[in-house]
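Down below is the structure, laid out as C-alpha cells.
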Amino acid sequence: MTLEDHVGDIIRKARTAAGVSKEAAAAAAGLSAAQLDELEENGKISGKPDLARLASQIALDGAKLERIARGWLPKETDPGMWRELRQITTMQRLSVNCYLVWDEVTREAALFDTGWDADPIIKLVEENQLQLKHFFLTHSHEDHIAALAPVRERFPKVRLHSNSKNAPPDQRNRANDFIHLGSLRITNRDTPGHAEDGVTYIVGNFPEDAPNAAIVGDCIFAGSIGRGFVSTDLLKQKIREQIFSLPPGTLICPGHGPLTTVKEEMENNPFF
Ligand SMILES: [Fe+2]
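Taken in order, the sequence shown gives residues 5 to 276; the numbers are from the numbering used here.
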C-alpha cells in the first residue's frame, strides 16, 4: 500500500495553498532551498527538518505531518465486509480508482467513475451477471471519465448522475435524491473545492450492517486532500461538513490511493 501523496506532496500542496514561498518554508523547516525542493519532489527528507514549525506556517497539523513522514498508513480494511463493493484501479500517466457496487440478490449495479479503461469494468459486470443501471460521476476530470464512452456503448441504458452544470437536467443530482439499488441506497452530498462539480456519494444499507461507504472522488485521500483547483479552503470546509460528519466507521473510497475511514482521516490527516 502506498499513499497517493508522500510527505513532500502534502507540504507542496499546503504551502502553495497558503501562499508561502519556498524560501520562507525552507527557513521555517531549517532546510536549504535545495533540500526543500528535494523533499517536495520525492518525499526524501535530508537533515533534520523542523516539520512542526513548517506545518504551523502552512496550515498543517505538525504531529500528523510527522506521523506521515514516519510512514503512517491507514489500517487495512477487509473489502469482503462490503457486499458488494469493488475498487478497480487503472493506470496510464497516473493511477485512478473507480468503484462498482451491486446488490447481491437483485444483481443491480452502479458504477462510480470509470478510470482509464472500460475492459475491467465490463469483465466484472459480466462475470458477476450484473445489470449495470447507474453511472455516478464524482467530478468531470479526465482521468475519472476517460472510459465513459465505451462503458455507455456497452450499457446504453445506464442512467447518468452528476453535479456538472453542463449535464441535462434529468442527469443532475438533487440534494434529496435517494436511489435504490436492490436493498442498497445511494445519496449524494456536494463536495466542491477540488472541482466545481465535486460530489460525494454515500452507499448505505450493506448486508450484515457493514458501515456506509463514501465515494469521494478527489475530495480527500488517505493522509491528504485533492488539489484545490477551485479553492482549498472551500474543499476543507466541505470535508469537515460533509465527510467528517459521517459516522467514524464510514469507509472512504478515494479516486486515488488506498481505502481509508472517516476515523482514520480525522485522527491522521495533516490538513485537519
Ligand atoms: Fe480530479
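We treat Cβ as the ideally placed atom computed from N, Cα and C, and that holds for glycine.
Because the structure is a prediction, the values reported are computed rather than measured.
- By the neighbour-count definition (other C-beta atoms within 10 Å, threshold 16), residue 6 is an exposed residue.
- Less than 9 Å divides the Cβ of residue 13 from the Cβ of residue 47.
- Following the DSSP letters along the chain, one finds residue 258 inside the beta strand (DSSP E) bounded by residues 255-258.
- Around the Cβ of residue 109, a 10 Å sphere holds fewer than 16 other Cβ atoms; the residue is exposed.
- For residue 143, the distance from the CB to the nearest heavy atom of ligand 1 is below 8 Å.
- Comparing C-alpha distances from residue 87 to each of 264, 271 and 189 shows the shortest one belongs to 189.
- Where residue 208 is concerned, the enclosing beta strand (DSSP E) starts and stops at 203-208.
- If you check the C-beta of residue 199 against ligand 1, you find a heavy atom less than 8 Å away.
- Beta-bridge partners of residue 102 (DSSP): 92.
- In this structure, the straight-line span from the alpha carbon of residue 164 to that of residue 104 is close to 14 Å.
- The beta carbons of residue 274 and residue 72 sit closer together than 9 Å.
- Only buried fits residue 143, as 16 or more other CB atoms lie within 10 angstroms of its CB.
- As computed with DSSP, residue 261 is found in no beta bridge at all.
- Apart from sequence neighbours up to five positions away, the residues of its chain that approach residue 136 with a beta-carbon distance below 7 Å are 113, 115, 129, 159 and 162, ordered along the chain.
- From the listed residues 50, 96, 246 and 119, the smallest Cα separation to residue 149 is found for 119.
- The DSSP-derived three-state label of residue 7 is coil.
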